[in-house]
Structure formats: structure tokens, C-alpha cells
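Novice: Pasting in a structure now, in C-alpha cells, and then I'll have a few things to ask.
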């Protein structure tokens, strides 16, 4: 990594730390009435000057909007992050009507009940965000909807936490679109990686993994290396050694027991692989943990 890349990485980390501090502190979002999923009627149109913040995301359909004088094409994955005072006029194609998800919210001073409008400009989401993971956004919105249907003394705190998570997810997707965060892992590799993480004691054959991704073994092998930076075999070893470190540090299991539970028939192979990954023998690791 060059010095420039390293500085960019530090700036990126610092920016995310500032954002997290703002959203969990003075600029914590609070849900306002109004939120959910809507299948817009054929004659639908929308004309409004916003009085609060509004996340408005197109899940399906085609339309157009004019936001503060800017023309915007509305298609699936298009999210408008509207602010107080924004003027919007929106229409859709009645032959392909819009389905949208939305949530009104505000940034309030909890102790005073007054709006907080002094968020640093670089922490504000752009008014137009193109999302690359709609299922993840819907998961967050569905969680907010469940909280709205379950009032109680914990509702406000839970809703604020869920809203913060939602906004952070949109920030992450916006950052990926801008190239400031790495792209999402290819879903075919992601599913295999998740399986390996859940089953570190089991072996997965390359051909079986490739079949689950509907690829040949060679195609999957190249894709896996491109997405993870490791060969399929090396990645499996890394997963097992990571689990071995946890077991040695946090359980009462011996080195032999850990090797056996992770599927090593050859104790010496386990020791060699552990030392290659950690720089120390598993017995020494356990004693120093």
C-alpha cells in the first residue's frame, strides 16, 4: 500500500468514526409518523415541500421526479434522501407503477425537543443515492415496520437504533457506488464463504462448492480467488485456524482435542498450518492467551 492509499484509508476510517459519533449523539435520528411500503395507484403523483427528513426508495416500477429543480429518473434502487424544505414533484408510468419504501425522520435534540440542523455537510447523504443491495435495505425497513407495530417503553430506543443502522447501510451503499468502499462480494462466493464460516469443522469439496454456484470448478476457483484473494483450499485452512485460535483461547480444550474437532486426522499437519498462520505453535498460543 502506498503512502497516499494509506492516508486515504485513514481519512475514510476517521470519516466513518465521525459519522457514527454524530448519529449516536447530537444528530441521532428519530422516527416520525409515516413509513412503510406502498404500491402506488395508477393515477398517483406526489407534490410536496418537505417539513422533515424522508428516505424515499424505489423498489420497483418506473417514474420521474423533479427535486429542487433537478430532473431525476426513478427506477428500482433509486433512493431520494429528502431534507426539510425540499420541493418534490413525482409521477410514474401507470403501466409500470412505482412500488416505494419510505420513512420520515428528524434529527432532534432529545433534551430540548428542537431540530438540529448543524450537521457537518460532509456527513449528509446526497439527495440521490443508487443502491446496490435492495434486499438489505428492505430488511432494515421491515425491522422498523415491526417496531412500529410493537409499541412499548423500549420502542423509542429500539427505533432510533434501527434508524441509525438503516442510515449507516445507505451511507455504505452510497460509498460503494462512489468507490470509497469495496464492492460487495459476489453472491455466489458470499454464500459459500458464509457456509464455511458456520461450519469450520466440516470439509467442502471444490466441485460441490462450484455446483452450488452453478459454475465449473475452474470458473468457481478463479472467481473465489478474485473475490477473497485466496485459493479455495487456502481459505478453508484460514477459517479452520481462525476457529482453532478461538477454541484454544476461550475453551478448556487441549491442542489435540481442537485438532480433532476441526477434522485433522494428522496432528502434525494441524500444528504446521497453525504455526504458518500465526507464527507460533498452538500450545504456546494457548498458554499465552
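Residue numbers (this note's numbering): 66 to 354. Backbone N, C-alpha and C define an ideal beta-carbon position, used for all residues, glycine too. Small disclaimer: the values here were computed from a predicted structure and weren't measured.
(1) Across the segment 103–123 and the segment 153–165, are there enough close Cβ pairs to call them in contact, namely three or more that are closer than 8 angstroms?
(2) Residues in its own chain within less than 6 angstroms of residue 351 by CB, not counting five upstream and five downstream?
(3) Starting from residue 329, follow its DSSP beta bridges and name the residues at the other end.
(4) By DSSP, does residue 128 sit in helix, in strand, or in coil?
(5) Could you tell me if residue 220 is buried or exposed, where buried requires 16 or more neighbouring beta carbons within 10 angstroms of its beta carbon?
(6) Return the first residue and the last residue of the beta strand (DSSP E) that residue 98 is part of.
(7) Put residue 337 into one of helix, strand or coil per three-state DSSP.
(8) Are the beta-carbon atoms of residue 161 and residue 126 separated by less than 8 angstroms?
(9) Which residues in the same chain as residue 131 place their Cβ atom closer than 6 angstroms to its Cβ, once the five residues preceding and following it in sequence are excluded?
(10) Can you round the beta-carbon distance between residue 165 and residue 103 to whole angstroms, since I take them to be within the 8 angstroms contact cut?
(11) Would you kindly work out how many angstroms separate the C-alpha atoms of residue 189 and residue 141, rounded to a whole number?
(12) If we ignore side chains and look at the alpha-carbon of each, how far apart do residue 120 and residue 265 end up?
(13) Quick one: using the 10 Å Cβ neighbour count with 16 as the cut-off for buried, is residue 232 buried or exposed?
(14) Taking just the CA atoms, how far does residue 331 sit from residue 82?
(15) For residue 157, does the three-state DSSP call read helix, strand or coil?
(16) Do you know how far the Cα of residue 308 is from the Cα of residue 279?
(17) Grab me the residues of residue 271's own chain with a C-beta within less than 8 angstroms of its C-beta, minus the 5 sequence neighbours each way, in chain order.
(18) Terminal residues of the continuous alpha helix (DSSP H) containing residue 350?
(19) Considering only residues of the same chain and omitting the five flanking positions on each side of residue 229, which have a CB-CB separation below 8 angstroms?
Specialist: To lay it out plainly:
(1) yes
(2) Cβ neighbours of residue 351 beyond the five flanking positions: 313.
(3) For residue 329, no pairing in a beta bridge is given by DSSP.
(4) strand
(5) exposed
(6) 94–104
(7) helix
(8) yes
(9) 154
(10) 5 angstroms
(11) 22 angstroms
(12) 40 angstroms
(13) buried
(14) 45 angstroms
(15) strand
(16) If I take the Cα positions, the gap works out to 28 angstroms.
(17) 282, 285, 286, 297 and 298
(18) Residues 347–353.
(19) 88, 89, 93 and 94
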